[in-house]
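Numbering (this note's numbering), first residue to last: 124 to 459.
The following block contains the structure:
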């Protein structure tokens, strides 16, 4: 019997200002959740944690100084000191300019290089190169870093799925991490590109998808194809309760971890919800509402850029019909 634990987007930002709309309890709450996760792992003899990107919140490497590196290292060291390996891919917040081509210059890569993170993303997938994986008994874990444009994820999944056929024939259970927006068949999102779980079913050599990027969480579930192959989707709430334009931050957002156990090919899962502060204790409601309104306006604008055929630099921000505050945030968004 082999087990591992899945965490949603962590967005660690120790050594920086707390997010807009959060009370002074923000960092203590993150510590509390990390301690709860480690205790769950300890009680269940779990030594591998899987987290599908956005381990860090601040994208720009030059913003990291001695203090911020030290403080984030303390958090990751909590796992390592307890004998827990963090198997990861990089999300858009882990990558400068959200570009996997800039990964080598990222703070994410720095923590991989000092063995705080174990990266299993496969950025290039030529036929003659073996894929990167982590093994937990008869479980094989691999992944793909954040892809932009998003649809490219399916091209790379075709190749990865083919390569995972060898492990599948050897009786391995294949887990793949993705950092893209995926939702159950019954749900939809506004303002952002998204895909449905059933679009992943054709990748039949993959048994479990650990999904990041969304923040909005769902209970773990599976779909079964005509051949009887069950494919599971771990897509829990983000560890850090951040505002997003496509859901409301309230007491319904309870960060969860997912324990996956595989016994002779049989997959079992358990969604475990962490103890968190109440909305009133954790958030400043007025600031959160203002931030969410602003995020919606920015998302509308960014969505409109998909129809823009010129260069981003050609856009005259001053002529946009938004408040000056939102214009400044748009400029910051485009520069990030």
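Virtual Cβ for every residue (Gly too), placed ideally from N, Cα, C. Only a predicted model underlies this, so the values are computations on that prediction, with no experimental measurement involved.
Going by the DSSP bridge assignment, what does residue 300 pair with across the sheet? 266, 333
Below 7 Å between beta carbons: does that hold for residue 213 and residue 231? yes
Three-state secondary structure (DSSP) at residue 319? strand
Give the DSSP-derived three-state secondary structure of residue 212 in the structure shown. coil
Applying the criterion that 16 or more other CB atoms from any shown protein chain within 10 Å of the CB defines a buried residue, is residue 373 buried or exposed? exposed
Where does residue 364 land, buried or exposed, given buried means 16+ other C-beta within 10 angstroms? buried
Below 8 Å on the Cβ atoms is my guess for residue 356 versus residue 320; work out the distance and round it to an integer in Å. 5 Å
Candidates 337, 215, 177, 297: which alpha carbon is nearest residue 311's? 337
How would you label residue 143, buried or exposed, when you count the other beta carbons within 10 angstroms and need 16 or more for buried? exposed
Note down, one range per segment and in chain order, each beta strand (DSSP E) of at least 3 residues found wholly within the segment 159-205. 171-174
Under DSSP, the alpha helix (DSSP H) around residue 231 begins and ends at which residues? 230-236
Could you name the residues that DSSP lists as bridge partners for residue 377? Paired residue(s): none; residue 377 is not in a bridge.
Where residue 397 falls: helix, strand or coil (DSSP): coil
Which of helix, strand or coil does DSSP assign to residue 155? helix
Give me the residue from 300, 329, 275 with the minimum Cα distance to residue 294. 329
Leaving out five residues on either side along the sequence, give the residues of the same chain with a beta carbon under 7 Å from the beta carbon of residue 180. 134, 135, 136, 216
Using only CA atoms, which one of 264, 229, 307, 413 lies nearest to residue 290? 264
I want to know whether the segment 241-257 touches the segment 178-196 - three or more CB-CB distances under 8 Å. no
In angstroms with no decimal places, state the Cα-to-Cα distance between residue 258 and residue 169. 13 Å
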